[in-house]
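Protein chains in written order, with the working numbering: chain A, 50 to 324; chain B, 35 to 316. Using N, Cα and C, we set each Cβ at its ideal position, and we do this for glycine too. Below: the structure, in structure tokens.
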Amino acid sequence: MSTVLWPWAAGALRRAVGAAALAALAAFILGPLLTLLLWAFAGTWLFPSLWPEFSLRWWAFVLGNADVGKAIRMSFLSAPTATLISAVVCVPAAYAFARLEFPGRRALLLSFLSANAFPKIGLYVSIATLLYRLNLMDTFVGVVLIQLVNTLLFMIWIPTGTFRGINRNLEEAARDAGAGPLRTFFQITLPIALPGIIVAALFAFIAAFDEAQGTLIVGTPNHMTMPVLMYSLVLGYPQPVGAVFSILLSLPSLVLLLLAQRYLRAGYLAAGYSL
Amino acid sequence: MTRRARQGALGLALVLPPLFLLAFLVVLPAVTAVVDTLTPAGGGSGPTLANYAQVLATRTVRADIGFTIAVTLVSVAAVFALSYPLALYLRFSRGRVARVLGVLFVVPLFVPVVIASFAMITFLVNHGFVSTIAYHLGTRTFPRLVYNATGITLAQVWVNIPFAVLILGAGLQAIDDALIDGARDVGAGAVRTFVSIILPLNATPTMITLTLLFIGVFGSFTIPYLVGGNAPAMLGVTMTNYLTQYLRRTESVTMAVLAFLIAAVVGAVYVASVSRRERGTA
């Protein structure tokens with residue numbers, strides 16, 4: 050690793066610049082989140098007081114709201130469905146992209162990037178007009194389809210990279226020992242690839258769960274997921290309501306991230322988000 | 035069948051289902067949108083640009099397109115200007131500050147954009163957190179930081195820093211230390227090393243970052259909808275309003291196709307860049 054390189058690389062100055070940058074970045078990144086956290090436990094918070102008057106009454110309000118229950122159910126039905134569908138459809142394809150020779154392989158793999166190459170909102174508007182014709186607006190199927198737009202890429206590209214990284218000798222050894230192709234796949238290849246597939250599924254779930262703008266267009270008014278409800282809570286209710294709901298909305302992703310922590314090396318993060 | 039042909043057939047059969055989904059979710063909607071907007075409303079014959087002429091004749095839409103491009107360029111520049119130094123710092127520094135920064139910058143990645151937008155509002159709005167601090171420091175006039183282009187840009191920076199740093203950082207990680215040490219051994223200074231070694235070697239990740247940022251900000255809805263002002267609005271907000279509020283589907287889709295056209299070159303560069311990077315690593 051080179052250590053001395055930048056003009057500010059000299060001792061004290063470098064440390065001071067680093068500390069100042071750290072403080073500024075920390076304030077900018079954590080400030081909004083901490084403000085939100087305070088608001089979630091505020092009864093009232095009047096300017097220019099630095100501290101809110103704490104209360105849990107908005108929690109009772111949010112948790113007692115029928116729309117909230119409905120949105121939670123819709124989110125926990127649609128996002129796992131989208132994740133599962135994309136896993137079942139994409140993991141075998143990822144194996145094919147990594148291991149099998151077929152015409153057009155490279156171009157077909159690249160074609161999955163097209164979901165990223167379109168301005169998302171334009172794509173959602175176009176999908177909506179298609180769903181109008183198919184009578185799929187404001188249906189569960191429509192919501193899952195919109196969420197699939199964001200999950201396909203993760204479920205193709207990350208597992209493809211994982212399968213590519215597996216040493217072929219391991220598979221060939223199993224074949225030499227008499228295992229058939231299916232047995233080799235399920236007993237050797239799949240277990241080794243599992244961490245990559247889990248990370249891909251995690252990204253896919255978070256992408257599906259957090260999808261808001263497409264679902265707002267396609268699922269309103271009867272198939273609103275949690276992030277979609279968030280729009281109306283932000284625009285139509287006092288600040289603590291949106292803040293309380295934000296915490297509810299962050300919990301699933303947070304829990305999943307903690308559970309999957311040991312799989313989340315920076316390499317996977319970069320792989321997932323450099324798409 | 036030969037072994038090779040069998041493998042080819044199996045490969046195609048396995049990739050067909052997701053390709054079908056992709057065609058249904060991306061290709062078909064895009065093609066339908068183009069065909070629909072070129073079809074005359076009265077059922078006349080032959081393609082017509084009437085829809086485009088009508089939409090572009092609307093003064094507010096023209097203003098929104100200009101506003102969208104301007105906000106997008108400024109946001110991309112701001113994210114990039116902050117992310118590149120951060121990625122360099124994380125690549126070439128060891129120690130506690132670098133480690134803390136390395137964890138800190140990823141945080142926004144896991145915050146849904148709806149929450150990020152709302153958090154930004156509570157943080158920056160007049161009588162919000164920053165304005166309260168400023169008040170106690172003696173400031174009595176507070177600039178308007180949300181419900182305008184400034185708010186959109188700040189929120190875009192917050193949301194997009196992790197993407198940019200991760201992609202740029204992965205590229206920097208791939209640069210061999212020996213090259214950098216070699217340049218320094220022959221007397222190149224930091225700036226020279228950066229301009230003639232690091233910048234060109236990291237060109238492909240840089241293109242991926244810039245194009246992804248452009249498409250992401252240009253096609254955004256949530257941030258401009260919640261953190262932006264009423265007029266001018268970004269194109270994403272306008273086309274959604276036309277679709278869901280004014281129930282003018284054709285105009286909305288026409289704007290969507292216009293957005294595709296404006297971003298088309300950028301999208302093509304993005305795909306080409308990822309393709310080039312993959313060829314390098316595969």
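| Query | Result |
| --- | --- |
| C-beta atoms of A/T211 and A/I246 nearer than 9 Å | yes |
| Partners in chain A for B/A84, counting only beta-carbon separations shorter than 8 Å | Neighbours of B/A84 on chain A: none; closest Cβ ~18 Å, over 8 Å. |
| 6 Å CB neighbourhood of B/N160 in its chain, flanking five on each side removed | F176 |
| Stretch pair the region 202-209 of chain B + the region 223-230 of chain B: three plus CB contacts closer than 8 Å | no |
| Contact list for A/E150 against chain B, beta-carbon separation under 8 Å | R38, Q41, G42 and G45 |
| Simplified DSSP assignment, three categories, for A/F203 | helix |
| Neighbouring residues, chain A, relative to B/I231 (Cβ below 7 Å) | Residues of chain A passing the Cβ test: none, with the nearest at roughly 11 Å. |
| Proximity to B/I155 [Cα-Cα], best of A/A223, A/P81 and A/Y144 | A/P81 |
| Member of B/V220, B/F152, B/V113 and B/L143 whose CA lies at the smallest distance from the CA of B/T187 | B/V113 |
| Residues of the region 115-134 of chain A with Cβ closer than 7 Å to any Cβ of chain B, in chain order | none |
| Contiguous alpha helix (DSSP H) assignments of at least 4 residues, all confined to the region 197-279 of chain A | 217-225, 230-233, 239-259 and 262-268 |
| Alpha carbon of B/Y86 to alpha carbon of B/T71, nearest angstrom | 8 Å |
| Closest Cα partner of B/V105 within the set B/E312, B/L281, B/F248 and B/Y304 | B/F248 |
| The beta strand (DSSP E) enclosing B/T94, as first and last residue numbers | Note, B/T94: premise wrong, no beta strand (DSSP E); alpha helix (DSSP H) at R93 to F126. |
| Residue range of the unbroken beta strand (DSSP E) whose run includes A/G92 | A91 to T93 |
| Cβ-based neighbour list, A/D187, same chain, cut-off 8 Å, excluding 5 preceding and 5 following | V267, G268, T269, P270, N271 and H272 |
| Which listed residue (B/Y304, B/Y181 and B/L62) has its alpha carbon closest to that of B/P239 | B/Y304 |
| When B/A302, B/G162 and B/A298 are compared against A/S98, the one with the closest alpha-carbon | B/G162 |
| B/R283 beta carbon less than 9 Å from that of A/Y181 | yes |
| Any 3 or more C-beta pairs closer than 8 Å across the region 126-143 of chain B and the region 296-310 of chain B | no |
| When A/Y280, A/A69, A/L300 and A/L308 are compared against B/V317, the one with the closest alpha-carbon | The question about residue 317 of chain B has no answer here: the residues shown for chain B are numbered 35 through 316. |
| Selected residue, minimal CA-CA separation from A/L219, among A/F235, A/I78 and A/I296 | A/F235 |
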